[in-house]
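Residue numbers (the working numbering), protein chains in the order written: chain A, 1 to 231; chain B, 1 to 217; chain C, 1 to 171; chain D, 1 to 608; chain E, 1 to 380. Every residue, glycine too, gets a C-beta built ideally from N, C-alpha and C. Please read the structure below before turning to the comments.
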C-alpha cells in the first residue's frame, strides 16, 4: 500500500497561497483534455460518452490527440504487454498534472484475460491510477461518473490529496520502474528522464531512487536528436 | 464451361479421403505431399479461389500438426476443408511446410500467424517474421505444451484485496476458504470437489482420539 | 403388579391424613428418598452396559428429592406452587399401555424403563386422586403440584423409552 | 429506400437545411445514471439464506472471479448439504456474463440493475465484494438478470427409474427397480455439478462426484475404482443405501421441481455393468505386498466387520472374520429382503472381499464356540462388529404369545429358507423400513401361498409427517395391497383361549412435542381391533452384547447402552475396537465408514 | 529496450522516410499501428504492425469450458460482437449435432441484423471523421446508442450481449420489444435524408472519398476481401445468401453492390446494407410473433459437458465481412482448438498495405476506416 512519503517542499510564505491553490485546482478541474487512445475494448463506450448522447463536454472534458496536451489518460480495459510499453511512454510524455483512469475489470486484477500470457494484470503496478471505474465494460454513465469523481478529486486535491496520484510516479519511481523492468527486461528505458523531472518539480524522495534506477542508469543510452533528411 | 463434378477433380489426388459433411462443406484428408497439388487443382479447375483460412491444430499426443486449408468457391458455393498432417518437429528442428502463397495471397497472413503461434516455418512464404508477437520472447504460445496459466501465475502478481468485510469474517474465524486459483491448479475443473468436510471430520476424530487417550491411561 | 398396588394404597392412606403443606412435602420427600435408594441399590445388580439407565433414574429421583426439600424450606412456597399449577403437564397416557413386569434378578433395559414408567404413573395418579379428594386450598394445590411434577417426570421417561427402545433396525 | 443521385452536386443553399435541426429534440441525456433495463446484468446480490455454498458459481466463472469465503455465523450441516461458504466476487475479474446466476442451483445469486461503481486509485479493495441481499453499495436496486426457465443451465429432472408393476412383483422376490440403461445413466450423470456436497454428507465420504464423472465419460471401470477406494459394499450401497448424499445434493435444494441426482442408482449401474473379474482386479489395487505378520480377529461378517477386514488385509495384515450364521453379510443378508437387494449381488461383494484375502469362518459363535479371551490371546487386535440383531418387543399385554414375533427373526428366516407358517392375516407394529420390509415380504409369501394379501401395518407415527420409512417404501407397499394405519399405538394383543386373534390399537393424536422429542398423546376413546393370525413387532433392535462375557462387560466403558468408543472406534480396552450398528446405529454406509475408521486406527496402532 | 516505434523519424534511403501511425493516433481505428515509408506525402510502402490488442484468445479458449467461452468470444470484435457469439454457438451446435429451435434462430437473426445496423452507424461516423467531418460521428454514435438500448433490453448487456448459447438463446424477448424495435426502425428510416444530406451526398466528403483506395474486383478476390468491401467491387457475394445459415433463406433482401471499389463505394454499400438490414428486421417483426416454441435446445450441464469429437467451420456474414469459426473438439470439456477468422484480418493487413501504396498520407486513415478494419480481429 501507499506509504506516506515526505516531500521536501519549498517554504510557501505568501498568505494568499491557499486561495491561489484553490483557484488553480478549480480551474484545472473545469477544463480537462482526455487523450484519445483506445487501449482495449472499453474504448467502445467512449464515443457515446464523448458525443451528443452523453456529452462529456458539459463536464469540460474533450478528447485530445496528443499526449503532450492531454491531462487524462484513459486506460480502457486490458493492456497487452506491447501496448503497455506505449502506454508508459505516453504517460511519461504527458505534462503534469496528469491523471489516469482505469476502466473495466482488467485494469484492476486482470479481468477476463487473467489467464492470458499477453496482457498486464494490474495497472497500478506500472503507473499511479487516480480513479477506477468498474464494469466490463462500464456504461457511458459510469464513465461519466468516474470523470466527475476525478473532477471532484482535482477540485479537493489541496485538502484531501486525492487528485495528486501523478506525484507518486515521481515519489516512488523506483517501484514503478522495477515493475516495468520485471516485465520488459532489464534494459527497459523510456526517452523521458523521470528523475530529472522529479528534481525539477521537487518531488524526489528517498524512494525515487533504488536498485532499479541504478539498473536503468547502467543501460540507458543517451537519446540522440533525430535527424530528418529530406532532399 | 463444362462442370466437372468436384469429386472427380479431387479424386485425381493420390490417397485422398473425401467426406461430404453437408451441402456446403466437404472435408478432404490428404498427405502433406499432395496438398499443394490439391489446392492447385481445385483453384485452377474448380473455381475454389477464396482462401478463407488456414488453421493449425497441435495434436501433441500424435506429435503432429494438422493444417487445415479452408477454400471457398464463389461459383459452387461450397467450402472444401483440406486436412493434412505434418510432423510436429522439435525445438532444434522446427516443423516445416511449403507455403501456398503463390496460389493464395492471403496465405501470407495465415502462414505468418501459424509461424508465430506454432513455430511452423512455411518455405516460400514472403514474410516469415514476427507480426503480432514482436515483443514476445517465449516459445510459440499456441503450442499445447506451453502452459499459459502457469506462465501467468509465475509472471504476474494479483491484487491482494483486504476489504473490511473480509477482515470482519477473518476475526470471526472465517475468511477465504477456496480461492479460484485453488480449483484450477488441478488443470481440470472436475477434480476440484471441496473435501473440507472430510478433512474436518478427520480433524475432529483426531481431537476426540486425543481426548480418549486421556481416560484410557 | 399387586405388590405395587398395595404400596399405592398404603401411601395413599398415609398422605390422606396429612393436613399441612409441610407435612405432605415431608412424606413426598421420603417417597423420593425411597425411590432413589431403590435405584441406587439396583445399580450394581444390572449389567454394566445398561447401568446408565438406572443411574439416571437414581439421579432424577435425587433431583426430585432436592426440589421438594428446598420447597419445604422455602418461605414463598405457596406462590411457587401457584405458578406451577397454572401450566399443568398433560398426561399423554402412553404409559397406560406399557405393561408392568417383574423386575427379576437380571432385568434388561426395557424392563427397567417399564418399571420406572409404571412407578411414576402410579405416583402421579395417586397425587391426582388426593388432589381431587382434598378440600380446595393449600392442600389441594400441593397435591396438584406433586401430581404435575410426577407427570413431568413420567413424560421425560417416556421420551427416553422411545429413544432407547424404538430405535435400531436396518434400513 | 431512396436512391442517391450521385451526379447531384447539390445546391449552394444546402447548408440552410441545417436550420431544421433547431426544431428537433436534443438527444442528450441528463447527467446521472439512467435506470437500466429489466434484465440488465449489473452488480450481484446473493440471498445468503438460499445459498448453500455449493461453489457452482465459482466453477462456472470463466474469469476465476469468485472466491468462496467461510462465514462462521452461518450454520453448516453436511448431512443436509449446507456449507457455510458463500461467494465473494472480484470485480477486477468479473465480466458480468451472468453464468453464475444461470447455474446457481438454488437461484440465490442474482444481478441487479445497479452498474455504477467508481473508486479512487487506492480503494481497489472495494472491487472485492461480498454480495448480500443488498448490492455492492448496500443500496437496494431492482433485480436485473435473474434466472428464468430458459436461461437455467441445469437439468432439473431426474431420469425416471423403471420399476416392476405391482401386479408383477407381488408374488415373487425379484428385484423391483430395473436400473438405468447406459444412455440414461450418462444423461443422469451429466446433471452433476460436482459440488462435492454428497461426498461431504456421505459417512464414508465416497467420491461420488468422481465416479459420476467417470460414468458420464462412459468409463465404468474408472467409476468402480473410485467406489472401491471408499466402499467395498458398493453393490449393496447401490441398492439399499440411505443415500444421505441425495439429500445433500445441491440440485435437490433448488426451487420448485428440482430432483437430486440419483447417485445411488448410478452406483448400482456402474457396479452392475463391470464384470466380476474386473472388480476383483480393481479391489486388489493398492494391496500391500508385504506381510505385516500381525493378525486381527473380526467378530461379525457384516458390512462394518468386512470393511475393516478388507482394509486391514489390503494393509498386509492377516484377518479372520467370525460369523455365527452360515453366510456372510449380516443384516444386509438377513435383514433386507431379496426384492430390494438380490442376494447374488451381496454374494458378489463378499466374494470380492474374500478374493482380496479375507478369511471368513462361518457358524462360529463367539462367546459360546470361542471366547473373547481366546480371540484376544490369538490376535493382536479384535474388532467387534456384531450389529443389532435382536428385535425389541413392545411388551404390551399378550405380546408373549408365540404368534407375536419379532420382525428381525422373521426376516432372518426367509433367506435361510426356514419353514414357518405363513399367516393368512398379519399385523405389523412399527413404522420404520424394517416394518415395511417384513410387511412386504409377508405379503409376497401370502400371495404365493393364498393368492391374496392381508397385511396391516400399524405405526405410532403419522404418514407424510413423522413417518420413519422412506416415502418410496410406503408408496410401493400401498401398491402391493398393504394397509398402512398410521398414528395408532398398540394397546394389547388380544388372546382368546391361548390363541392370538388380533391387535387392539388406540389413536395417537400427536407423537412429538415442540422440541421434536417423543411425547405421544393418545385418544383412549378411539379404539380399533385388527384381526390377525400373527403380530409382527418391528419397533426397534438391539445388540446382543452378552457374548462379551461379564468380565469384559465390566472392564469396558459404556455410553448409553453402547460400547464407548473414541472417534476412531477404539474402545477403552486396548486390544478391542468396535464398529458398525452396535455402536453407531443402523445404516450400511455408516457401518462401512466405521469399518474404514477402525481399520485405519488398528493399522496405526499395530505399526506403532 | 524502447519500443521500436517510439523514434518518429528514421533515416531512409534517398528522400524516403519512415513514419509510424499509431498505435496512439486519431487516424487509426482502434489500437493498431502502421509503418509507412513516404516520399513526400506519397506512401511508398506500408507495413502493418499489429499485436497491441493481442490477448491470445485462441489460447484462452482452449483453457475454458465450452460454455465459458461464450463470455469471451464477443470481445474479439468490439463494434460488432453479436456475429461472434452466433458463429461460435453455431460451430458448437454443428459438432454436437443439435439445432437451435426455430424461434431461437429467428431471434438470433434479429440480433445479428441489429448488430449490423449498430456497426454500420458506427462506421459512418468513423469514416467521416477521417475526412474531418465530425457531425456524422456525433449522429452515428448517438443513433447507434439507440440500438444498444434495444440490446440492453433483450440481452441484458449494452455491448456484449452474451446472449447466445449453444442450443439457442438465453432469454425470451421482453414484452413490447418488437414494438420498440419497430419504432426504432421508423426513426432510423426517417434519418435517411439527414444522413444523405450530411454525408453521402456531401460534396466535401464525396470528393475526398471518391477514388480513394480503389480496388478492382480481381484484386479484391486475390486478397480474399469479403463483405461490403468486396461488394463495393461489384461482386454480389454475401454469406447470408450464398452459404445460408439461421433463417436467412426465408428472408427477402437485396445484396447492394457498387462497382467503383473505392472508399466512397464502400460506404455507399454500407449505407444500402443498413437499409437492407432494416428491411430484414421489418420482416422479422412481422414473422416472429407467429413463431412460437422453445428458445433453447437443452444442453448437458455445462460443468460436465463433453462435446463429442469433431470439427466444424461456421461462417457468418458480419458487418465487416466473412467471419468464420473453426472449432475442433477432441471429446473433452474444453475446445481443443478454436480458430477465429476475422474478416478484418484480411482487410487490415494485406489489403491495407496494398491500398496504402501510392496513396497520400492523409488518405491512409480514410482507407483504413473505409475498409472498416477492426484491429482486435487481427490480433485476437
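Under 7 Å from the C-beta of residue i: neighbouring residues of chain A
i, result
"residue 139 (chain D)", "Chain A residues near residue 139 (chain D): none, gap ~14 Å exceeds 7 Å."
"residue 329 (chain D)", "Ordered by position in chain A, no residue passes the 7 Å Cβ test against residue 329 (chain D), which lies about 52 Å from the chain."
"residue 324 (chain E)", "None at all; the shortest Cβ gap to chain A is about 21 Å."
Beta-carbon gap between residue i and residue j smaller than 8 Å
i, j, result
"residue 58 (chain B)", "residue 97 (chain B)", "no"
"residue 388 (chain E)", "residue 72 (chain E)", "In the structure as shown, chain E starts at 1 and stops at 380, and residue 388 (chain E) therefore has no counterpart that could be examined."
"residue 353 (chain D)", "residue 306 (chain D)", "yes"
"residue 355 (chain E)", "residue 215 (chain E)", "yes"
"residue 123 (chain D)", "residue 42 (chain D)", "no"
"residue 85 (chain A)", "residue 23 (chain A)", "no"
"residue 35 (chain E)", "residue 18 (chain E)", "yes"
"residue 41 (chain B)", "residue 12 (chain B)", "yes"
"residue 339 (chain D)", "residue 83 (chain D)", "no"
"residue 109 (chain E)", "residue 284 (chain E)", "yes"
Pairwise C-alpha distance: residue j and residue i
i, j, result
"residue 314 (chain E)", "residue 94 (chain E)", "8 Å"
"residue 288 (chain D)", "residue 230 (chain D)", "17 Å"
"residue 198 (chain B)", "residue 227 (chain D)", "With a pLDDT of 40 at residue 198 (chain B), under the threshold of 50, the modelled position of this residue cannot be trusted, and the question is left open."
"residue 85 (chain E)", "residue 155 (chain E)", "12 Å"
"residue 204 (chain C)", "residue 491 (chain D)", "Coverage of chain C is limited to positions 1 through 171, which leaves residue 204 (chain C) absent and any answer about it impossible."
"residue 191 (chain B)", "residue 197 (chain D)", "Caution applies to residue 191 (chain B), whose pLDDT of 38 falls short of 50 and renders its modelled position unreliable; the model cannot decide the point."
"residue 558 (chain D)", "residue 48 (chain C)", "7 Å"
"residue 113 (chain A)", "residue 65 (chain D)", "11 Å"
"residue 588 (chain D)", "residue 234 (chain D)", "10 Å"
Cβ-based burial, residue i [other Cβ within 10 Å; buried from 16]
i, result
"residue 21 (chain D)", "exposed"
"residue 554 (chain D)", "exposed"
"residue 372 (chain D)", "buried"
"residue 27 (chain A)", "exposed"
"residue 123 (chain B)", "exposed"
"residue 230 (chain E)", "buried"
"residue 205 (chain D)", "buried"
"residue 142 (chain C)", "buried"
"residue 20 (chain B)", "exposed"
"residue 60 (chain D)", "buried"
"residue 25 (chain A)", "buried"
"residue 383 (chain D)", "buried"
Chain-ordered chain B contacts of residue i [CB-CB under 9 Å]
i, result
"residue 108 (chain A)", "159"
Span of the alpha helix (DSSP H), counted from its first residue to its last, around residue i
i, result
"residue 507 (chain D)", "From DSSP, residue 507 (chain D) is part of no alpha helix (DSSP H) but of the beta strand (DSSP E) over 499-512."
"residue 577 (chain D)", "From DSSP, residue 577 (chain D) is part of no alpha helix (DSSP H) but of the beta strand (DSSP E) over 576-578."
"residue 236 (chain E)", "Per DSSP, residue 236 (chain E) belongs to no alpha helix (DSSP H) and is neither H nor E."
Neighbouring residues, chain A, relative to residue i (Cβ below 8 Å)
i, result
"residue 79 (chain E)", "44"
Within chain D, the residues that residue i reaches when beta carbons sit closer than 8 Å
i, result
"residue 132 (chain A)", "118, 119, 120, 121, 123, 124 and 127"
Amino acids of chain B, ordered along the chain, whose beta-carbon sits closer than 8 Å to that of residue i
i, result
"residue 224 (chain E)", "50, 51, 52, 104, 105 and 106"
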